[in-house]
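These notes concern the structure reproduced below.
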Amino acid sequence: MPASTTFLTNYVRNYLLCCIFPDKTYNPVIFEPNHVTYHACFGAFHVIDVLPKIVVLKTLLLLFVLIYEFLTSDDDLLRLGGLFGFCIAATANMILLVGIHYKRYTLTIPYFFIYVLLAFSMVLLLFVKFLDTANSKDTLSAKSLLHNFSLLMILIFEVYTILLVWRLFIYICDYCMDEELKAKERSRRVAEHLRLVDRRDCVSVIVHVPGDPDDDG
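Residues in the sequence shown are numbered from 931 upward in steps of one, following our numbering.
Right, here's the structure in full:
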């Protein structure tokens, strides 16, 4: 069987259909940093490598949208709301980047909180847009279809990014647990080594008792 076919078969079984075909060689007790569980973008990249790039790209896109809103809109309230939303999203992204760098799983929680709310808001917005489109005469117009399709793609991208952050959360938790177990094992080995050294250094202590018959010899 060609190598490409083998790779595709393993990818489909271990990544796409992992619930149906679980990896029998995977031992959850042993931490495997490069396991397919921690991969993203169809198993091509590790989440620890690709997620910072995605987060930076999202921040730049949000900045572009904010600049476009300031240039095209005359509504001060809309500008203020856009600026406030950008600051919150950018802060969550920066906290996530710090968490990725220092491998702190607690720093992924703000991202979940902000973007899960955003995903729910986009679902409601998309539902309202579909209802408005269905009640209007331009249901099948190119502008309406493009607008709804763009919202749907953004929603899919946000959901996928949240799933990637969840994979990152699992990876960091497993990584920290593995480091903690290794630290305890090192401490145990050091303590065992010190006990062995103490035993080798111990010598017999003879207590001299006055009047011992051996003293006369």
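Backbone N, C-alpha and C define an ideal beta-carbon position, used for all residues, glycine too.
Model, not experiment: these values are computed from the prediction.
- Annotated as proximal: Leu996 and Gly1012, with beta-carbon spacing under 8 Å.
- When C-beta atoms of the region 1106–1124 are compared with those of the region 964–971, fewer than three pairs fall below 8 Å, so the two segments do not count as touching.
- The C-alpha of Val966 lies about 43 Å from the C-alpha of Ala1064.
- By the neighbour-count criterion, in which 16 or more other beta carbons inside 10 Å mark a residue as buried, His976 falls on the buried side.
- Residue environment analysis places Thr1036 among the exposed positions, since fewer than 16 neighbouring C-beta atoms fall within 10 angstroms of its C-beta.
- For His969, the pairing in a beta bridge is given by DSSP as His976.
- Judged by their CB atoms, Asp1108 and Phe961 are nearer to each other than the 8 Å cut-off.
- In this structure the region 1070–1083 does not touch the region 1096–1108; the number of beta carbon pairs closer than 8 Å is below three.
- Counting along the chain, Pro1040 sits inside the alpha helix (DSSP H) bounded by residues Ile1039 to Asn1065.
- The way I'd put it, the region 980–989 doesn't touch the region 1002–1009; fewer than three beta-carbon pairs between them come closer than 8 Å.
- Under the 8 Å Cβ criterion, the region 1052–1060 does not count as touching the region 1023–1040, having fewer than three qualifying pairs.
- At the C-beta level, Thr989 and Asn1023 come within 8 Å of one another.
- A Cβ-Cβ distance of about 15 Å is found for the pair Ile1030 and Ile1092, leaving them out of contact under the 8 Å criterion.
- Under the three-state reduction of DSSP output, Arg1034 falls in the coil class, being neither helix nor strand.
- With respect to the C-alpha of Tyr1032, the residue from Leu1085, Phe1099, Ile1086 and Leu1076 having the closest C-alpha is Phe1099.
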